[in-house]
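Protein chains in written order, with this note's numbering: chain A, 136 to 387; chain B, 136 to 387. Right, one structure below, let's go through it.
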DNA sequence: CAAGAAACGCGCAGAATTCAACACGAGCCA
DNA sequence: TGGCTCGTGTTGAATTCTGCGCGTTTCTTG
C-alpha cells in the first residue's frame, strides 16, 4: 500500500466518521504506527486534521473535504461524463463552468481545444487551465471557500453581470424533482445561479449518486437547465422522474 | 510495446484506480523501471498526473501542498525576504498581494496567521492559501495570463475599486531610480497599479537581482511605495541611490 | 493525587526508490 | 559504410521512506 493510498484512506475515514484511531489505521493498512503518525503529521501540517492522543479528528467542517483528495471516487464515471460534456462544447465558444470534481474533469477534457473562452469561479479549474495558452481563461473573482475551492459572493456575481455565455456547465450535489438542483452551501448556490443566468444553454453534469439527493441550498429548478448528463448506473426510476419533469437526460 | 501504448496504459490505470505503482507497471508492460519513470515524468510535465514515491496519482488527487514552484533560483534570499515581509503584516489586517515568486513565498509565510484577509490577483497565491480556513481569501478575478498565473484586465481592476487595504505587497521585475518599479507586461503593470492605489501602505518585495533593472512596463514611481525589502547581496551603490530617492530600504 | 499504561517524538539503520550518467542497439540519412 | 539521433537498460550515488527502540509525555483509573 502506497503513501497516497494511505492518505486517501485516512481522509475517507475522517469524512465518514469524523475521527480516526492510530490502532485502527495500523490494522487496516498493515504498516507500523510510526508511519501512521507520520502521515497524520503531514495532514496536520496541511491543516486537514487535528491530532489527538491515539488518532486524529477532522479539522473544522468535514462533510466537504478538499477536492484533490476526493476526485478518485467514481473517477471512471466522471471521465465518461466529462467526455460527453466536452462534446457539447463547440470550438470558439464562450462557456462557463462552476466548481466540482466532475466539472474539473470536463475542464481537463477541454485542454486540447483551440480558441475557447472559459469563465469559471473555481480555483481548481482555473489552475487546471491557466497554463494552456490556447484557451482564454477568465476567473470571476470573489471570496474563496476552502472546502470547495470556489469563488463566491458579490464580487463573483458582479463580474458575471457583464458577460454573456454560449453554454454553462454546472456541477451540483443534489438533483430532485421537488427541489431541483441543490448544493451544500448557500452562497455557492447563489453564485452558481448567477452564472446560469448569463448562459443561453445550461448543461448539468453529475454522477449518478447525486440523483434523488437533496443538498442544503437550492441553485435552480430542473426546468432552468436544458440537459443533464450522468452515468448509466443511475437509478432508472429516478431518471424517469427527471425526464417526466421535462429535462433531457443523457446517460453515458 | 511502444511508448504510446505505455502512456495509454498508464492513463487508463490512473483513471480506473486513481493511482499507479512503478512496480505494477513494470510487471504489466515488461520494461525497466527507468522507462516507466521517464513516462511518468513526461505525463507529469503535461499535468496529467502527479508523481509520488513509488508511483503516481491522478492529477488532482495529490496529497502535497499546491505546486512547489520549481524556480529554486535565489530561494534562500526569497525566504529571508518573505519572513521579513510577513513581519510587516499585523494580525487581523486586510492585505493585498500581487503575483510573483517572491510574493508567493510571502504567502507561504503567512499561512499560520489567525484572522487575516488576503486580496490577490495571483492564481498561485490563491491556490496556496485557498485551503487555509484561518484566512479569508479574496481573488480579484480577471483574465489569466499563462506566463505568470496573474489575473489582469478591467475585471480585476473593477473588483479592486470597492476594496480598501491596510497594506499591499508588490512583486516587481525591475527597480530603478529613473523608471521606478517595472514589470514585463503592460496590462499586468496597470492591474498592479490599481492594487497599489487601494492600499494605505505599499511594500515592494524583490530579490537584489532586480535592483537597477528596467523592465518593459512601468507600475509606479519609487515615491509611490513606502518600503522596499530586498536581500543583503544588493549592490551598495544601487541601494544608496534608491535611498537617496526617498524610499526606505530594508536589507535581510 | 499518584501509579501504570498507552501513546508520542526522536534518532538510527535498513530497504526501497529516485536521479544522473553512461553504454548499448535500432533506425535513419548522407 | 559511417555517423547520428533516439529510446532503452544498467550502474552507482543520493534521497526518501519505513520500522524499531528508547526516553518522555499524556491519559486513565483507582
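Heads up, the beta-carbon is just placed ideally off N, CA and C, and yes, glycines get one too.
Residue i to residue j, Cα distance in whole Å?
i	j	result
residue 257(A)	residue 314(B)	37 Å
residue 364(A)	residue 162(B)	37 Å
residue 345(B)	residue 312(B)	12 Å
residue 321(B)	residue 336(A)	36 Å
residue 170(A)	residue 140(A)	13 Å
residue 377(A)	residue 212(A)	20 Å
residue 362(A)	residue 189(A)	49 Å
residue 238(A)	residue 306(A)	6 Å
residue 265(A)	residue 294(A)	18 Å
residue 373(A)	residue 347(A)	6 Å
residue 272(B)	residue 323(B)	20 Å
residue 149(B)	residue 343(A)	21 Å
residue 196(B)	residue 360(B)	Unreliable placement is indicated for residue 196(B), whose pLDDT of 46 sits below 50; no coordinate value is reported for it.
residue 240(B)	residue 240(A)	29 Å
residue 350(B)	residue 381(A)	58 Å
residue 251(B)	residue 274(A)	23 Å
residue 215(A)	residue 287(B)	34 Å
residue 233(A)	residue 209(A)	19 Å
residue 193(A)	residue 159(A)	16 Å
residue 173(B)	residue 165(A)	30 Å
residue 353(B)	residue 328(B)	9 Å
residue 182(B)	residue 179(A)	26 Å
residue 389(A)	residue 386(B)	Only positions 136 to 387 of chain A appear in the structure, and residue 389(A) is not among them; the question remains open.
residue 383(A)	residue 319(A)	24 Å
residue 191(B)	residue 145(A)	18 Å
residue 332(B)	residue 330(A)	30 Å
Let me check understanding here. Comparing Cα to Cα, which of the options lies closest to residue i?
i	options	result
residue 334(B)	298(B), 163(B), 271(B)	298(B)
residue 228(B)	253(B), 212(B), 220(B), 214(B)	253(B)
residue 143(B)	296(B), 168(B), 177(B), 332(B)	177(B)
residue 246(B)	324(B), 157(B), 226(B), 325(B)	226(B)
residue 303(B)	149(B), 155(B), 347(B), 220(B)	220(B)
residue 282(A)	265(A), 275(A), 259(A)	259(A)
residue 366(A)	354(A), 217(A), 179(A)	217(A)
residue 184(B)	209(A), 168(A), 263(A)	263(A)
residue 187(A)	167(A), 210(A), 209(A), 157(A)	157(A)
residue 316(A)	292(A), 275(A), 356(A)	356(A)
residue 222(B)	242(B), 233(B), 369(B), 235(B)	242(B)
residue 340(A)	231(A), 155(A), 165(A)	231(A)
residue 301(A)	249(A), 172(A), 338(A), 280(A)	338(A)
residue 249(B)	155(B), 193(B), 267(B), 371(B)	267(B)
residue 326(A)	387(A), 383(A), 255(A)	255(A)
residue 279(B)	172(A), 319(A), 261(A)	261(A)
residue 224(A)	244(A), 235(A), 236(A)	244(A)
Exposed or buried, which one is residue i when buried takes at least 16 other CB atoms within 10 Å?
i	result
residue 296(B)	exposed
residue 138(B)	exposed
residue 147(B)	exposed
residue 285(B)	buried
residue 152(A)	exposed
residue 375(B)	exposed
residue 207(B)	Residue placement at residue 207(B) is flagged as unreliable, the pLDDT there being 41, under the threshold of 50; a coordinate-derived value is accordingly withheld.
residue 269(A)	exposed
residue 136(A)	exposed
residue 379(A)	exposed
residue 309(B)	buried
residue 292(A)	buried
residue 167(A)	exposed
residue 358(B)	exposed
residue 371(B)	exposed
residue 368(A)	exposed
Members of the stretch 280 to 291 of chain A that neighbour chain B once the beta carbon cut-off is set at 9 Å:
280, 281, 282, 284, 286, 288, 289, 290, 291
The stretch 252 to 279 of chain A: positions lying closer than 8 Å to chain B by Cβ:
258, 259, 261, 262, 263, 264, 265, 266, 267, 268, 271, 272, 273, 274, 275, 276, 277, 278, 279
Scan the stretch 210 to 234 of chain B for residues whose Cβ lies nearer than 8 Å to a Cβ of chain A and list them as they occur along the chain.
none
Ignoring anything shorter than 3 residues or poking outside the stretch 263 to 350 of chain A, list the beta strand (DSSP E) runs there in chain order.
270 to 274, 277 to 280, 285 to 287, 302 to 306, 309 to 311, 315 to 318, 337 to 340
The stretch 147 to 165 of chain B: which residues have C-beta closer than 7 Å to a C-beta of chain A, in chain order?
150, 151, 153, 154, 156
Contact residues within the stretch 320 to 336 of chain B, judged by C-beta distance below 7 Å to chain A
none
When Cβ atoms are compared, which residues of the stretch 165 to 195 of chain B fall closer than 7 Å to chain A?
182, 187, 188, 189, 190, 192, 193, 195
Secondary structure, alpha helix (DSSP H): runs of 4+ residues fully inside the stretch 218 to 254 of chain B
236 to 244
Give, in chain order, every unbroken run of the alpha helix (DSSP H) that is at least 4 residues long and sits entirely within the stretch 355 to 382 of chain A.
371 to 379
The stretch 292 to 312 of chain B: positions lying closer than 7 Å to chain A by Cβ
294
What are the residues in the stretch 348 to 381 of chain A lying within 8 Å of chain B by C-beta distance?
none
Identify each residue in the stretch 238 to 251 of chain A for which the Cβ-Cβ distance to at least one residue of chain B is less than 9 Å, and report them in chain order.
239, 240, 243, 246
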